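Engineer: Encoded as structure tokens, here's the structure I'll be asking about.
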Amino acid sequence: MATNEHSHLLTNSLSGLCESGQMIVKPYGPAVTLAMTLNYVIGTGCFGLPHAFMEAGIGLSLILMIAGVVGSLITMNYTLESLARAEGVCEATSTGVPCHQITYRKFEFATIAEMFVGRLGKAAVQLVMGLYCIGSLWSYASVFSSSTASLFFTYALGDTCNVYGDSPTSGCLDSYYMFMAIFSTIVLYMVLMDISDQALVQKFLSAYRIVAFALMLVTMTIKVVTDGSEVAASRYAAIGLVNWKNFGKGFGPTLLALNCQYNMPDALQPLNPKSQARFVAFAALLIAGTCYLLVGFLGAISFDTINPLATLMWSSYTGCGNGWETCEYSNPMGTIVQVVILLFPVVNVVSAYPMVGVTVGDNMLMSFPSHLTARFGENLTRSFCRLLVSAPPILFAILFKRLDFIFTVAGLFGFLLGWTIPSWFQVIGSRYCQDVWRFPGAAITEFTQSVVSSIPFASGFLALTFVITAVAIATINA
């Protein structure tokens, strides 16, 4: 009798949420899914890492990065468990027995929050996601326009353009605005496409990322070796091991760089087979985390001054000497390397911007008035929501261009979205299942780990995220 009663309650409250996640998708394998996930992970945050290392100190930044990788793996597992648990709850509305597994049904973060907490939980998740979206897309737009303006001045006008400098020229700013218009045309068109429809483009862009990362690491290594140990040691000494007063400035970019948990419902929905979900997610985090550690550390000891957008350091790359010395001859290979790296942020944000817009826009669709959705149709309303979250950050990037501050603020909201919310889902989802089905194993999924997945551990981890966030906020303006 109790089981039937619980099933009835679940059917009444959750059937609409379960039905909203059912979509027709084009399945693809683990390789493409890994490429898509890497495109989510490798956003603009990686370009701010050398500057973050310089501000917070090399030792503190390395600790933050390593802790960030470990914490991201834990919360990624929580995310996978929550997605499986949401499916189990939906299936149990008809069978009465929870079978927690990931299927082709998609559950956005806002859906999971409403499922286990209600409308208040959904509103909280959507608020954090919306603020993070604004910060991330804001940085994407600024990075694209500043990079393309720099390329235009370098190769078309034989001059330099750094919009993040103290006094950029009017021509430099005009180029920034012109390329912003081009960027908006491209990404606002792509944001209207579903993620699975972008698979071929995203696979190419992922390969480009790997090549560009490799070139950055190789050229910085050559520069450090050529400059010599004494020069590297002097740069290390100038930066210092730990600068606690700039904890917030190092915390934001290091955590923003690894944030992709909220994208996993979109990334994993087309995956076939689903048994590879954890392998794909963990592999993407480990690959990205390793690259980030190397980029941040090498970037900090390779240059005397560091641009908030690290790739702009290659605007003077020649390929001669240590890589940044004047050439006495033409060096086409140096030019090719320079262009590939300078285009890295451009390629990066063109692929990441629409994916973020799709994820957050689809979450916003849940809160859109149902009578308007019925009147205009779900497809048109979904497109409107995606544009509503994707267009304003472009306007913000036109008005405000301080990239280091944008990275820091976006990183804080990214931390809440990538660490705090998955930990919260782990606690409330596990308790929900145990309360409804009334046996200890009701919350177990194929991703469950004996200690890490337990409610006491997840609760402690959740509390830790609030403490870290408070410390980071207190030191942002230090």
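My numbering applies: residue 765 is where the sequence shown begins, and numbers increase by one. Cβ atoms here follow ideal geometry from the backbone N, Cα and C, with glycine treated the same way. Every value quoted in this text rests on a predicted model; they were computed, and no experiment measured them.
Go to T918, then tell me how far its alpha helix (DSSP H) extends in each direction, as first and last residue.
Structural biologist: Residues R883 to Y919.
Engineer: May I ask you to report which of helix, strand or coil DSSP gives L1035?
Structural biologist: Three-state result, L1035: strand.
Engineer: Compare the C-alpha of M749 against each of Q1025, W1078 and I898 and name the closest.
Structural biologist: Given that the chain is displayed from residue 765 to residue 1242, the structure contains no residue 749 and the question cannot be resolved.
Engineer: Is Y792 helix, strand or coil when you go by DSSP?
Structural biologist: It is a strand residue.
Engineer: With DSSP run on the structure shown, which of helix, strand or coil describes A1222?
Structural biologist: It is helical.
Engineer: Tell me which residues share the same chain as A1206 and place their Cβ nearer than 8 Å to its Cβ, disregarding the 5 neighbours each side in the sequence.
Structural biologist: Here the set comprises P862, C1197, Q1198 and V1200.
Engineer: What do you reckon, are the CB atoms on Y896 and G1178 nearer than 8 Å?
Structural biologist: A contact, by the Cβ cut-off of 8 Å.
Engineer: Who are the Cβ neighbours of M800 in its own chain at under 6 Å, not counting the five residues just before and after it?
Structural biologist: Excluding residues within five positions, the ones whose Cβ falls inside 6 Å are Q966 and A1031.
Engineer: If you draw a straight line from the alpha carbon of L969 to that of P1204, how long is it in whole angstroms?
Structural biologist: Roughly 45 Å between the two C-alpha positions.
Engineer: Measuring alpha carbon to alpha carbon, tell me which of A848, I806, N1027 and Y792 ends up nearest I1051.
Structural biologist: It is I806 whose Cα lies nearest to the Cα of I1051.
Engineer: Using DSSP with H/G/I as helix, E/B as strand and the rest coil, what is E769?
Structural biologist: Note on E769: pLDDT 41, under 50, position unreliable in the model; the coordinate value appears next. In the structure shown, E769 sits in a helix (DSSP, three-state: H, G or I).
Engineer: Can you look up R869 in the DSSP assignment and give me helix, strand or coil?
Structural biologist: R869: coil per DSSP, three-state reduction.
Engineer: From S900 to K886, what does the alpha carbon distance come to, in whole angstroms?
Structural biologist: Looking at the two C-alpha atoms, the distance is approximately 21 Å.
Engineer: Once DSSP output is grouped into helix, strand and coil, what is the label at M1190?
Structural biologist: First, the residue type needs correcting, since residue 1190 is Gln and not Met in the sequence shown. Note: Q1190 maps to helix in three-state DSSP.
Engineer: Taking the CB atoms as reference points, tell me whether L1151 and L847 lie closer together than 8 Å.
Structural biologist: No. Outside cutoff.
Engineer: Let me know if M829 comes out buried or exposed under the rule of 16 or more other beta-carbons within 10 Å of its beta-carbon.
Structural biologist: Label assigned to M829: buried.
Engineer: So, under 8 Å CB-CB, T1069 and L1106 are touching, yes? Tell me the CB distance rounded to an integer number of Å.
Structural biologist: In fact, because the Cβ distance is near 18 Å, the residues do not count as touching under 8 Å.
Engineer: The alpha helix (DSSP H) spanning C1084 covers which residue range?
Structural biologist: From DSSP, C1084 is part of no alpha helix (DSSP H); its letter is neither H nor E.
Engineer: Could you tell me the boundaries of the alpha helix (DSSP H) in which M954 lies?
Structural biologist: Where M954 is concerned, the enclosing alpha helix (DSSP H) stretches over S934 to M954.
Engineer: Would you mind stating whether Y1117 and Y842 have Cβ atoms separated by less than 8 Å?
Structural biologist: Cβ atoms of Y1117 and Y842: not closer than 8 Å.
Engineer: Who are the Cβ neighbours of F1108 in its own chain at under 7 Å, not counting the five residues just before and after it?
Structural biologist: Once the five neighbours on either side are set aside, the close Cβ partners of F1108 are A976 and T1075.
Engineer: Can you list, in chain order, the residues of its chain whose CB lies under 6 Å from that of I898, leaving out five sequence neighbours each side?
Structural biologist: P1157, listed in sequence order.
Engineer: In whole angstroms, give me the CA-to-CA distance for A1001 and V995.
Structural biologist: One C-alpha to the other measures close to 10 Å.
Engineer: Which value, in whole angstroms, describes the spacing of the CA atoms of A971 and L964?
Structural biologist: One C-alpha to the other measures close to 11 Å.
Engineer: Does A1236 pass the burial test, meaning 16 or more other C-beta atoms within 10 Å, or should it be called exposed?
Structural biologist: By the 10 Å Cβ count, A1236 comes out buried.
Engineer: Quick one: any contact between the region 869–882 and the region 1176–1196, if contact means 3 or more CB pairs under 8 Å?
Structural biologist: Touching, yes.
Engineer: For E1142, count neighbouring Cβ atoms within 10 angstroms of its own Cβ and tell me buried if that reaches 16, exposed if not.
Structural biologist: Per the 10 Å Cβ criterion, exposed.
Engineer: Considering only residues of the same chain and omitting the five flanking positions on each side of T1239, which have a CB-CB separation below 6 Å?
Structural biologist: The residues are F1011 and G1012.
Engineer: Could you tell me the alpha carbon to alpha carbon distance between N1095 and R1042, rounded to whole angstroms?
Structural biologist: Rounded to whole angstroms, N1095 to R1042 spans 45 Å at the Cα level.
Engineer: Compute the distance between the beta-carbons of R1146 and D1126, then report whether it is under 8 Å.
Structural biologist: Yes.
Engineer: Can you tell me the Cα-Cα spacing of P932 and V1104, whole angstroms?
Structural biologist: Going from the Cα of P932 to the Cα of V1104 covers about 24 Å.
Engineer: Taking a contact to mean a Cβ-Cβ separation below 8 Å, would you say I1170 touches S906 in this structure?
Structural biologist: Going by C-beta atoms, I1170 is nearer than 8 Å to S906.
Engineer: Using the beta-carbon count (16 or more within 10 Å), is M840 buried or exposed?
Structural biologist: That one is buried.
Engineer: Verify whether the separation of the beta carbon atoms of P1017 and T1172 is less than 8 Å.
Structural biologist: Yes; because the gap between Cβ atoms is below 8 Å, this pair is in contact.
Engineer: Once DSSP output is grouped into helix, strand and coil, what is the label at D1068?
Structural biologist: DSSP places D1068 in coil when its eight states are reduced to three.
Engineer: Put Q1040 into one of helix, strand or coil per three-state DSSP.
Structural biologist: Reduced to three states, the DSSP call for Q1040 is helix.
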